[in-house]
Amino acid sequence: AALMYHLGANPEKARQLLAMDGQSALIELTRLSERLTLKPRGKQISSAPPADQPITGDVSAANKDAIRKQMDAAASKGDVETYRKLKAKLKGIR
Numbered sequence: 001a002a003l004m005y006h007l008g009a010n011p012e013k014a015r016q017l018l019a020m021d022g023q024s025a026l027i028e029l030t031r032l033s034e035r036l037t038l039k040p041r042g043k044q045i046s047s048a049p050p051a052d053q054p055i056t057g058d059v060s061a062a063n064k065d066a067i068r069k070q071m072d073a074a075a076s077k078g079d080v081e082t083y084r085k086l087k088a089k090l091k092g093i094r
């Protein structure tokens, strides 16, 4: 990759290689590739601002109100089984 980049950036060197016979061009390419090495990149540091804190919350307060309304409706109907299920569910939220 470094050799291709170098030849693309230096078209005169590429023309010289094309003018040479095959064996001489191969020798010159070998010499050139030994001189060229890719330098490893350092760790890139982002210029983006730091990430915000994630939003945390609990919807249990909204759920509690809804369950209490359902419990009141079940109690007014006299539906004991539904009332008990909702009460157990309400205890699980706390």
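Position 2, counted from 1, in the sequence shown is what the UniProt record's numbering calls 2; the numbers after and before it change by one each time, with no gaps.
Even for Gly, the Cβ is constructed at its ideal location relative to N, Cα and C.
DSSP on residue i, reduced to helix/strand/coil?
i, result
"Asn63", "helix"
"Gly42", "coil"
"Leu36", "coil"
"Asp21", "coil"
"Gly92", "helix"
"Asp79", "coil"
"residue 95", "Residue 95 lies beyond the range of the chain shown here (1 to 94); nothing can be said about it."
Within its chain, find whatever has a CB closer than 6 Å to the CB of residue i; leave out the 5 residues flanking it on each side and keep chain order.
i, result
"Ala88", "none"
"Ala14", "Leu7"
Go through its chain and collect everything with a Cβ distance to residue i's Cβ below 8 Å, but skip five positions before and after it.
i, result
"Gln70", "Thr82 and Leu86"
"Lys2", "Checking the displayed sequence, the identity of residue 2 turns out to be Ala instead of Lys. Contacts found: Ser33, Leu36, Thr37 and Leu38."
Whole angstroms are fine: how far does the CA of residue j sit from the CA of residue i?
i, j, result
"Pro50", "Gln23", "56 Å"
"Leu7", "Gln16", "10 Å"
"Ile67", "Ala75", "12 Å"
"Ala25", "Arg31", "10 Å"
How close, in whole Å, do the beta carbons of residue i and residue j come, if the pair is a contact with beta carbons under 8 Å?
i, j, result
"Met20", "Glu12", "That pair is no contact at about 13 Å."
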